[in-house]
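Sequence order for the protein chains is W and Y. Residue numbers are given in our numbering: position 89 of the first sequence equals residue 89, and the series is strictly consecutive. Residue numbers are given in our numbering: position 207 of the second sequence equals residue 207, and the series is strictly consecutive. Glycine included, each C-beta is placed from N, C-alpha and C at the ideal position.
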Amino acid sequence: MSDNVLGAKCTACGTVSYPAHAVCPDCRNEAFEPIAIGGEGKVLTFTDVYALAIDYETRYLRLAIVELDDGIRVTGQLLTDAPKLGQRVRTTIGVVREPGDRAIHGLQFVPT
Amino acid sequence: MRPVYIAGAGMTTFGRSEWSLIKLASVASLSALHHADLGEIPVDGVVVANMGAARVNKQTALGSALVDQLALHPAAAESVENGPASGASAFKVGVQAIASGMADVVLVTGVERMRVVNGLEGTDFVASLSHPEAEYIYGVTLPSLAGMFARLVMDRFGIERRHLAMVAIKNHENATKNPYAHIQQTITMEGILTLPEAAVNNPPIAEPLHLFDCCPVSDGAASVVLVSADVAAKLGGPRVLVAGIGQATDTHAVHEREDPTDLKAVRLASEKAFAMAGLAPSDIDVAELHDAFTILEIAESEAAGFFPRGEGHKALERGETALDGRLPINPSGGLKAKGHPVGATGVAHLVELTWQLRGEAGDRQVPAAAAGYACNFGGFGNNVVATVLKREAE
Chain W
1 MSDNVLGAKC TACGTVSYPA HAVCPDCRNE AFEPIAIGGE GKVLTFTDVY ALAIDYETRY
61 LRLAIVELDD GIRVTGQLLT DAPKLGQRVR TTIGVVREPG DRAIHGLQFV PT
Chain Y
1 MRPVYIAGAG MTTFGRSEWS LIKLASVASL SALHHADLGE IPVDGVVVAN MGAARVNKQT
61 ALGSALVDQL ALHPAAAESV ENGPASGASA FKVGVQAIAS GMADVVLVTG VERMRVVNGL
121 EGTDFVASLS HPEAEYIYGV TLPSLAGMFA RLVMDRFGIE RRHLAMVAIK NHENATKNPY
181 AHIQQTITME GILTLPEAAV NNPPIAEPLH LFDCCPVSDG AASVVLVSAD VAAKLGGPRV
241 LVAGIGQATD THAVHEREDP TDLKAVRLAS EKAFAMAGLA PSDIDVAELH DAFTILEIAE
301 SEAAGFFPRG EGHKALERGE TALDGRLPIN PSGGLKAKGH PVGATGVAHL VELTWQLRGE
361 AGDRQVPAAA AGYACNFGGF GNNVVATVLK REAE
């Protein structure tokens, strides 16, 4: 299992999409190279959600949309005690959901 | 395109129901068919809107099942699943059938029976519309998308929690005048926001949204009968014209949108619907918006063109969207208090507008309403259907 979260870099115009699409939203090219998504960025928005779906036994989840310094935006789990808009974070990969006996890895955000 | 009219409208009470999915759909359908009073005129087609039956009720092919219940065979039958926009999408399919000349009478029924599963399962079924790899795996649910949207919009435009509470208070008040509404309970600013016990009464659901910012989980069905101009002329009575329909999509993952505070699909769908109708937002007398979360009523009222960007909460505060205001929004009680049986919601919007335009809305009647607008908001704004209805002189 790859620990990386992958986006798609268009082989024609170089635009990076996350998540990947079958067609480049910028130039309509249909060929891509996988590219690891992550790095440092800032919290665009966040929430503590108590209305949880299945697979979670916690009381709430802290979720965020982060704008990475390379301009890519990502959704993930925010692992900070005092979240605020604009806060600097960096991405890590961790277990984000455990359906049955599986462990799904994805993006988490920790303070820089 | 041939003009299309709504000849009848009906619905079940929204709330927790002991009725089966098809019983709910049948009761709403019969109520719309009786309202239309078709006599010997045959129904050519049936379109059923639903989101979760395959998963929640273990039933598929609802169009076929409803035709059979109503003994309408050999009428054509379709089922439409388009997330929370299923209702208005099914309506659009019915309108297209008549506009194209392929049908003269189409029954459109939206139905959902989602209280048979527990809250976790119900929330998860709706969350399955989010992006599977970029959102869902993180625990994203619709309330969480609404919470993140609300925080951003509130920060940008100076909207406070009291503004969100005003939406809830208004819509709860309206719902007490609607016998079909799920929640029949007025609420106060003190009880949900300012008194110490408000913290208990109104716990957080997805910060900054709390319980009274979110619609309930409802069972229910709603139905309209669509007819061609020839059939409408034979039936006589009040004529409600489907003046315009617009639909637009946006990115699946919310984070991919250039401006995540802009409900672009609402804006584009509304522009199309108004252009087709030859009307402007200022011509609308009554609107039904998709307030699954209070923040959405404010944001949609701007994106639809009723108020400038960042001004929706100010219009709300001035009472312009109240039942006796300049543009009453959600006289039915909205999703917030009327309830939100997902597949039924888009049709229920049009049921309410039809009643309003026919002067049949009882204690919540908007005086002399002649043009109505509805916004059915699918996904978290990635698939939106806007509809404009207009009363025609008899």
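Here Ala181 (chain Y) is actually not in contact with Gly191 (chain Y); their C-beta atoms are around 19 Å apart, not less than 8 Å. Take the alpha-carbon of Lys42 (chain W) and the one of Arg73 (chain W): they are about 10 Å apart. Legend: CB atoms of the segment 139-162 of chain Y lying less than 7 Å from CB atoms of chain W belong to residues Gly139, Val140, Thr141, Pro143, Ser144, Gly147, Met148, Arg151, Leu152 and Asp155.
Residues of chain Y with a Cβ closer than 7 Å to the Cβ of Ala51 (chain W) are, in chain order, Thr123, Thr141, Pro143, Ile205 and Ala206. Contact note: Leu120 (chain Y) reaches chain W through Leu52, Ala53 and Ile54, using a C-beta cutoff of 8 Å and chain order. At a cut-off of 8 Å between beta-carbon atoms, Ile192 (chain Y) makes no contact with chain W. DSSP places Pro34 (chain W) within a strand segment (E or B) once states are collapsed to three. The three-state reading of DSSP puts Asp285 (chain Y) in coil, since its state is none of H, G, I, E or B. For Glu271 (chain Y), no chain W residue has a Cβ inside 9 Å of its Cβ, as the nearest lies near 21 Å away. Following the DSSP letters along the chain, one finds His105 (chain W) inside the beta strand (DSSP E) bounded by residues Ile104 to Pro111.
The beta carbon of Pro260 (chain Y) sits closer than 8 Å to some beta carbon of chain W. Glu81 (chain Y) is not a Cβ neighbour of Gly63 (chain Y), given a cutoff of 8 Å. Around the beta carbon of Asn178 (chain Y), a 10 Å sphere encloses 16 or more other beta carbons of the protein chains shown; the residue is thus reported as buried. Interface annotation, Thr80 (chain W): not in contact with chain Y, CB-CB separation never under 8 Å. Annotation for Phe377 (chain Y): no alpha helix (DSSP H) segment contains it, though the beta strand (DSSP E) segment containing it runs Ala371 to Gly378. Rounded to the nearest whole angstrom, the CA to CA distance from Ala22 (chain W) to Ile54 (chain W) is 29 Å. Going by C-alpha positions, Leu72 (chain Y) is about 42 Å away from Glu302 (chain Y). Around Asp363 (chain Y), the same chain offers Lys177 as residues with beta carbons nearer than 7 Å, after the five sequence neighbours per side are excluded. The beta carbon of Phe212 (chain Y) sits closer than 6 Å to the beta carbons of Ala168, Ile192 and Asn202 from its chain, once the five residues preceding and following it are set aside; these are given in chain order. Within the segment 93-104 of chain W, those residues whose Cβ lies closer than 7 Å to any Cβ of chain Y are, in chain order, Val96, Arg97 and Ile104. When DSSP states are grouped into helix, strand and coil, Leu79 (chain W) belongs to the coil group. Rounded to whole angstroms, the separation of the alpha carbons of Leu78 (chain W) and Pro208 (chain Y) is 16 Å.
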